[in-house]
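J.: Let me give you the structure first, and then I'll get to my questions.
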Ligand SMILES: Nc1ncnc2c1ncn2[C@@H]1O[C@H](COP(=O)(O)OP(=O)(O)OP(=O)(O)O)[C@@H](O)[C@H]1O
Ligand SMILES: Nc1ccn([C@H]2C[C@H](O)[C@@H](COP(=O)(O)O)O2)c(=O)n1
């Protein structure tokens, strides 16, 4: 069984996927972390993030591994854990560029499709491109302002600045971020986190 949870930036994908996965007793897979890892490593190596060959050579020479767990994902490059370095504003600024590269998307998709079922997969195109035959598909939305207010509780930045950054990322990610025609679209604005999780669990039972 594969459950896909897609949505725009900061819509709650990771938090909701973790809650659903824990309730189901299965791992959840955060596809965005692989794009973030490629971005971080490219930045650290001072590579041109627009150029796929250098990024893929780097990823091939030092493979990145996603460890999906129900409570959260951990990302490794050899013995080095990258997880805590993947949600910086610096990575946020570069990741859409990396995620726009077809070769990098193929690299991510190959890793995701190799994972053993069952799991919950979250991202932008899990229900459309990566797992079109998933048994249950969901798509999370909320206004940019609501998403920014939620993110502001995590990061010491002001809400208008976060809102503008989220809107920029929404625009940059538009191509791969459309909901699957058979996905249930959930406006999370009126719901708290547990409310979104419960909405999904109700549909799964
Ligand atoms: N329905 C909700 N009500 C209140 N807070 C929420 C809700 N959903 C998520 N949050 C909070 O909003 C913040 C962003 O959520 P989360 O990181 O899961 O989003 P995301 O879509 O995975 O983000 P990104 O696209 O950056 O990976 C977190 O602090 C999370 O706890
Ligand atoms: N399946 C996916 C997952 C993520 N991306 C892009 C879009 C984001 O800009 C970036 C990081 O994702 P996040 O951690 O914010 O969910 O990666 C994508 O194109 N496809």
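Residue numbers (UniProt numbering): 1 to 205. By construction, the Cβ of each residue, glycine as well, lies at the ideal position given by its N, Cα and C atoms.
#1: If you reduce the DSSP assignment to three classes, tell me which class residue 153 lands in.
#2: Evaluate residue 129 with the Cβ neighbour count: other Cβ atoms within 10 Å of its Cβ, from every protein chain shown; 16 or more gives buried, anything less gives exposed.
#3: Tell me whether residue 4 sits in a helix, a strand or coil according to DSSP, three-state version.
#4: Within the chosen definition, does the region 21 to 31 reach the region 107 to 125 through at least 3 CB pairs nearer than 8 Å?
#5: Hey, residue 166 and residue 12 are a contact pair by Cβ (cut 8 Å); roughly how many whole angstroms apart?
#6: Could you check whether the Cβ of residue 21 sits closer than 6 Å to any heavy atom belonging to ligand 2?
#7: As a quick exercise: from 136, 72, 172, 161, pick the residue whose alpha carbon is nearest that of residue 183.
#8: Using a threshold of 7 Å, state whether the C-beta atoms of residue 75 and residue 197 are closer than that.
#9: With a Cβ-Cβ cutoff of 7 Å, do residue 39 and residue 91 count as a contact?
#10: Determine whether the beta carbon atoms of residue 37 and residue 82 lie at a separation below 7 Å.
#11: At the level of alpha carbons, what is the spacing between residue 186 and residue 195?
T.: So, to answer that:
#1: Position 153 of the chain shown holds residue 153. Coil, per DSSP.
#2: Here the question's residue 129 lines up with position 129 in the chain shown. So residue 129 counts as exposed.
#3: On the chain shown, residue 4 is found 4 positions in, with the first residue counted as 1. Strand at residue 4.
#4: yes
#5: Mapped onto the chain shown, residue 166 falls at position 166. Mapped onto the chain shown, residue 12 falls at position 12. That pair is no contact at about 12 Å.
#6: The sequence position of residue 21 within the chain shown is 21, counting from 1. No; taking the cut-off as 6 Å, the Cβ of residue 21 has no heavy atom of ligand 2 nearer than that.
#7: Start at 1 with the first residue of the chain shown, and residue 183 comes out as number 183. Of 136, 72, 172, 161, the residue nearest in Cα terms is 136.
#8: Residue mapping note: residue 75 aligns to position 75 of the chain shown, counting from 1. Residue mapping note: residue 197 aligns to position 197 of the chain shown, counting from 1. Not in contact: residue 75 and residue 197 (Cβ atoms no closer than 7 Å).
#9: Here residue 39 refers to the residue found at position 39 when the chain shown is read from its first residue. Here residue 91 refers to the residue found at position 91 when the chain shown is read from its first residue. Yes. Within cutoff.
#10: Here residue 37 is taken as the residue at index 37 of the chain shown, counted from 1. Here residue 82 is taken as the residue at index 82 of the chain shown, counted from 1. A contact, by the Cβ cut-off of 7 Å.
#11: Locating residue 186 in the chain shown gives position 186, where the first residue counts as 1. Locating residue 195 in the chain shown gives position 195, where the first residue counts as 1. Taking the straight line from one Cα to the other gives about 11 Å.
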